[in-house]
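These notes are about the structure you will find just below.
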Amino acid sequence: MRGISEVNDMKGIRGRILRQIVLWVGLWLAAGQGLAQEPLVFSAAPRETPEQGEQLYGPLVERMSEVLGVPVIYRHPGSWLTYQRDMRNDAYDILLDGPHLIAWRMAELNHRPVARMPGTLRFYLLVREGDDSVGALQDLVARKICSVAPPNLAPLVMLAEYPDVIRQPVIHSARRGMRQAFDEFRAGECDAVALPTNFYHNQLSDDERRGTRILFESPPLPNQGFSVGERVDEVQSARLRELMTATNEPAVAAVLRTFARDAQVFIPANDDEYRPHDRLLKGVLFGW
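Residue 437 is where the sequence shown ends in this note's numbering, and the numbering goes up by one at each step.
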């Protein structure tokens, strides 16, 4: 059965690619610009495999192409390193990712936020219940914090509380996600662990939470969202915002369900709510 399912998945992907090609040709001919026109490139933080990304975002870029009147393609970055490099080189036109990355692109590449998931992002820094050696953030200087690797927000919001870069904790990176970070913390590999508050409340058992103490809670940040670069004009930005905030778009709803299960719709985003948060990269993470 698994083999049949995989074959069907591949047929679905090939079908979407064929539909995209037909759509692009139609758009090019309608615009009278021939096949030399460059498509807009959509990408997202690499949280899924290329195949999963194509299944999730393929229908979305089809709708973007129809609404914007120009071809839009999905490009899976392959890795976080490639994503960061290509982002800094302004290789992407439409992106879906976190508030710190949106804010950095606003400051450095003149990107504009168009729509975001409702709600806010918060993070906890947990220590062990009964660990009297940690009573304040400064007690963790030069000690290990378990977390996923930057540029994930969880470690960055913690490191931002230590403006002196030579007096900071050491991030012990978990390659397989938040659960691994917490398990390694419980196993004694770190003195603290940085986690999203929704992971703490929804993924940890009562027994797991009972063995921890919340040392620090981060201020709220705007949720993940879509931003566009300078190759997307103002008219197209408005059309994209209308598409992403519509209530009757299955391709949009599928993305929202993936990352914000209880949300009903994307909401319009504005510059002011994102602008200050480039500080979470600049001066915190080397190279930004």
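The beta carbon of each residue, even a glycine, is placed where N, CA and C say it ideally should be.
DSSP, read as helix, strand or coil, puts residue 426 in helix. Residue pairing of residue 366 in beta bridges, as defined by DSSP: 273. Under the three-state reduction of DSSP, residue 198 is assigned to coil, being neither helix nor strand. Boundaries around residue 264 are those of the beta strand (DSSP E), 261 to 265, since no alpha helix (DSSP H) includes it.
Burial is judged here by how many other beta carbons sit within 10 angstroms of a residue's own beta carbon; residue 315 has fewer than 16 and is exposed. Here residue 387 is exposed: its Cβ has fewer than 16 other Cβ atoms, across all protein chains shown, within 10 Å. Membership of residue 349 in the alpha helix (DSSP H) is indicated by the continuous run 346 to 352.
DSSP places residue 376 in the uninterrupted beta strand (DSSP E) bounded by 374 to 377. Beta-bridge analysis with DSSP links residue 293 to 319.
In this structure, residue 269 lies near residue 369, with their beta-carbon atoms less than 7 Å apart. An exposed status is given to residue 187, since fewer than 16 other beta-carbon atoms sit within 10 Å of its beta-carbon.
Take the alpha-carbon of residue 357 and the one of residue 234: they are about 38 Å apart. Residue pairing of residue 222 in beta bridges, as defined by DSSP: 190. Residue pairing by DSSP places residue 341 opposite 294 in a beta bridge. Burial check for residue 361: the Cβ neighbour count within 10 Å reaches 16 or more, so the residue is buried. Straight-line measurement puts the Cα of residue 359 at about 39 Å from the Cα of residue 226. Sequence-distant Cβ neighbours of residue 224 in its own chain, meaning closer than 6 Å and more than five residues away, are 190 and 192.
Approximately 4 Å separates the beta-carbon atoms of residue 264 and residue 393; this is inside 8 Å, confirming the contact. Under DSSP, no beta-bridge partner is assigned to residue 313. Straight-line measurement puts the Cα of residue 403 at about 11 Å from the Cα of residue 413. Annotation: residue 349 to residue 297 spans about 14 Å, alpha carbon to alpha carbon.
One alpha carbon belongs to residue 341, the other to residue 229, and they sit about 24 Å apart. Rounded to whole angstroms, the separation of the alpha carbons of residue 305 and residue 429 is 6 Å. The alpha carbon of residue 363 has as its nearest neighbour, out of 273, 217 and 222, the alpha carbon of 273.
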